[in-house]
Amino acid sequence: MNDTEIVRGVKARLRTAILAPTRIPLALLGLPLVPLQLLPFPLVLITIGVVLLPLITKVVRAYANRYRRLAGKVLGEEIPVPYRTPTSTGPVARVRAIATDPATWRDLAFLPVNAIVTVVCSLMPLVLWTSGVLGFLMPFLWAAGADGLEYSAIDETTPGNILLAPLLGTLYLSLAWWLTPVFGRLHAQVTRRLLGPTANSALAARVRVLADSRADTVDAQAAELRRIERDLHDGAQARLVALGMSLGMAEDLITRDPEAAARLLTEARQSSSQALSELRDLVRGIHPPVLADRGLDGALRALALASPLPVEVDIVLDGRPEAPVESAAYFAVAETLTNAAKHSGAAGAWLRVRHEDDRLTLMIGDDGRGGAVATENGGLRGIERRLAAFDGTLGIASPAGGPTIVTMELPCVLSSGKTSSSSATG
Amino acid sequence: MRVVLGEDLVLLRDGLIRLLQAHDCEVVEAVDTGPDLLRAMVDHRPDVAVVDVRLPPTFTDEGLRAAIEARKRVPGLPVLVLSQYVEHLYARELLSDRAGGVGYLLKDRVSDVRQFVDAIRRVAAGGTAMDPEVIDQLLARSGRDRPLATLTPREREVLSLMAEGRSNAAIAGRLFVTEKAIGKHIANIFGKLDLPLSEDDNRRVLAVLAYLDRV
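Protein sequence lines correspond, in order, to chains A and B.
Going by the UniProt record's numbering, the first residue of the first sequence is number 1, and it counts up by one from there.
Going by the UniProt record's numbering, the first residue of the second sequence is number 1, and it counts up by one from there.
Written out as structure tokens, the structure reads:
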């Protein structure tokens, strides 16, 4: 550390030490919030508390959030807000949510603790810095004849006081230098301990996320089933009925009017091949046969081959993910490639797939015009939902002017044993 | 014509046997698993093998693998692969040994008996029979700066039929024009796609497919 750095360090610490006490009023302001937060609970019995409690809780939470942000800044990590959301919007549900949320009571505990910790942590540095400086001033004050002035048990009669006082001052200054940031962190850590989520509430939050993604998945599956039912009903089933009718009529006509019967038979054949082609598309939409045959590796290569864009493929996989993950990854890539071909104006695309640290990473890039965003009900949002069901994430980097890179990550393990490929696909 | 048949669905297998017998084909063996199929193809060396992609024991692409393996052991063994769906990847694998005598058709093409038998004969004669759906997939991949985009609609039509493996005469018949006109179209296509001219039906299909695959 050179001189200028020391000077800068001292300046920064002094500023911190001098400004810290300005936080004391805010911390003390927190104290009246304790009775204020407790007051509405008995009042709930006479209804007025039902209105009052959410209002006051709002104030208390805003106050706590301010400290979360402050502490987050000091610690360099965000402190998550742990409050539960009420299950319904009714006033009683709100009151119950507030009363049963441990975070409410931890906030309450924080208020007095914070007042004490703030006073101590913000005054101590200032006291230390002042004592240090005083150590150097004392000899002059004693020389000027200030009687009865005592400095850390040293007064004008102590032998060697002129040397001792600055020495002690130096000690105080070093302590001040060392402790100023420590006090700041100490305060932040106390805040985190009291205001951060407990292991329980972190779990509860996780359960909430899982419940949401499950609901999304169930919705998507129900919609998918409806689509399949509709497609079967309007498509293949109707065609088979037509086929049966044509055959029946041909049977009826075959002796009387062989020519008309032949025409009907041709029609019947066309109906049957149309029904087949519709069934084929349907099967492809449910579970592409090539995915079952060749796993993700082969299926993605096939996808790249079938894409209207030339796609460079780079896949390294030592096994197969579980079937649902495989399928989610496949459809996510399919959708992304379709998007790229349809909207990006790209002349080419690339696909890179790896499995590292129990995560399947898929990257799809194109050289198009960029500007892709995940809008609600949009294709990219759909992919996000699909991946969320497996705790997967979607990242989009698509500056206007391109290029677009879509990154997907799915936690999963690969089943050992490479999908045996007897023939080269190059 | 001697045929080996690989199909595990009894209904379809019996239907195919009847259809083939009605068109003067002798089904020397009909098998229902991948390993049996490979053995039958290598043992009988039939004029053509008609093979379902999906066969036991794995019910994945067992039939396709057996076909490719058989052609490794007996180079040029004519194989017509039938599938419930067509996959470009599989078409490429089948064609990769460049020996000709390969067909890859959707199962429902069987219902057009005349065309199906025509395809079998073409493959048995060392030609190719690619399903129009494969060709459509290939042709759909026409980027902006690719020579494929410079083809006229008529030339594209001719190219599709050629890629299916049809002869000039057959294409002319299909499009109701003279064989000479088709010859001119084909010369134009070869010129635009920078392909070596060839009179051999099989070679020129492979050339077309190789071109389509490359870009």
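Virtual Cβ for every residue (Gly too), placed ideally from N, Cα, C.
Q: Could I get the ranges of all uninterrupted alpha helix (DSSP H) runs contained in the region 219-305 of chain A, with 4 residues as the minimum, in chain order?
A: 238-253, 258-286
**Q.** A:Gly371 burial status per 10 Å Cβ neighbour count (16 or more: buried)
**A.** exposed
Q. Going by the CB atoms, is the gap between A:Arg106 and A:Leu194 shorter than 7 Å?
A. yes
(Q) Please list, in chain order, the chain A residues whose beta carbon lies closer than 7 Å to that of B:His44. (A) By Cβ distance, chain A contributes nothing, its closest Cβ being about 21 Å from B:His44, past 7 Å.
Q. Taking the alpha-carbon positions, what's the A:Phe110 to A:Ile46 distance?
A. 28 Å
Q: Answer yes or no: does any C-beta atom of chain B fall closer than 7 Å to that of A:Leu360?
A: no
Q: Take the Cβ of A:Val373 as the centre, count every other Cβ of all protein chains shown within 10 Å, and call the residue buried at 16 or more, exposed below.
A: exposed
Q | Buried or exposed (CB count within 10 angstroms, at least 16 for buried), B:Val4 | A | buried
Q: Pick helix, strand or coil for A:Asp101, following the three-state DSSP scheme.
A: coil
Q. Which of helix, strand or coil does DSSP assign to A:Gly160?
A. coil
**Q.** Inter-residue spacing [alpha-carbon to alpha-carbon] between A:Leu70 and A:Glu322
**A.** 44 Å
Q. Which bits of chain A does B:Glu26 rub up against, with CB to CB less than 8 Å?
A. Near B:Glu26 there are no residues of chain A at all, since even the closest Cβ is about 26 Å away, more than 8 Å.
**Q.** Extent of the continuous alpha helix (DSSP H) to which A:Arg69 belongs
**A.** 48-75
Q) Roughly how many angstroms lie between the CA atoms of B:Leu195 and B:Glu164, to the nearest whole one? A) 17 Å
Q) Which two residues bound the contiguous beta strand (DSSP E) that contains A:Thr361? A) 359-366
Q.
Against chain B, with Cβ distances strictly below 7 Å, would A:Arg8 count as a contact?
A. no
Q. Which chain B residues are close to A:Asp329, counting only those with a beta carbon under 7 Å from its beta carbon?
A. Checking the displayed sequence, the identity of residue 329 of chain A turns out to be Ala instead of Asp. Chain B residues near A:Ala329: none, gap ~17 Å exceeds 7 Å.
Q) Which class does B:Leu151 belong to by DSSP, given the choice of helix, strand or coil? A) coil
Q) Alpha carbon to alpha carbon, how far is A:Glu278 from A:Arg226? A) 16 Å
Q.
Against chain B, with Cβ distances strictly below 7 Å, would A:Leu276 count as a contact?
A. yes
Q) Whole-angstrom Cβ separation of A:Thr118 and A:Ile6, contact assumed at under 8 Å? A) That belief does not hold up - the Cβ atoms of A:Thr118 and A:Ile6 are roughly 28 Å apart, past 8 Å.
Q) Any beta-carbon of chain B closer than 7 Å to the one on A:Arg280? A) yes
(Q) Please confirm whether A:Pro289 has its beta-carbon closer than 7 Å to some beta-carbon of chain B. (A) yes
(Q) Can you confirm whether A:Pro308, when its beta carbon is compared against all beta carbons of chain B, has any partner nearer than 7 Å? (A) yes
**Q.** Length of the line joining the Cα atoms of A:Leu14 and A:Leu126
**A.** 8 Å
(Q) Residues in the same chain with beta-carbon distance under 8 Å from A:Val113, minus the five sequence neighbours each way, listed in chain order, please. (A) Val190, Leu194
Q | For A:Ala205, the nearest candidate out of A:Asn161, A:Glu156, A:Val81 (CA to CA) | A | A:Val81
Q. For B:Glu157 and chain A, any beta-carbon pair shorter than 7 Å?
A. no
(Q) Assuming the contact rule is C-beta atoms closer than 8 Å, A:Ala250 and A:Ala261 should be a hit. Round their C-beta distance to whole Å, please. (A) 4 Å
**Q.** B:Arg92 classed as buried or exposed, judged by whether at least 16 other C-beta atoms fall within 10 angstroms
**A.** buried
Q) Counting only beta-carbon atoms, is A:Ala302 nearer than 7 Å to chain B? A) yes
Q) So A:Ala388 and A:Ser213 are in contact, right, with Cβ under 8 Å, and what is the actual spacing, rounded? A) 4 Å
Q. Does DSSP put A:Gly169 in a helix, a strand or coil?
A. helix
(Q) Which same chain residues end up closer than 6 Å to A:Gly402 when comparing Cβ atoms and leaving out the 5 residues on each side of it in sequence? (A) Gly368, Arg369, Gly370
(Q) By the three-class DSSP mapping on this structure, what secondary structure does B:Thr60 have? (A) coil
(Q) Which same chain residues end up closer than 6 Å to B:Met41 when comparing Cβ atoms and leaving out the 5 residues on each side of it in sequence? (A) Val4, Ala49, Ala70
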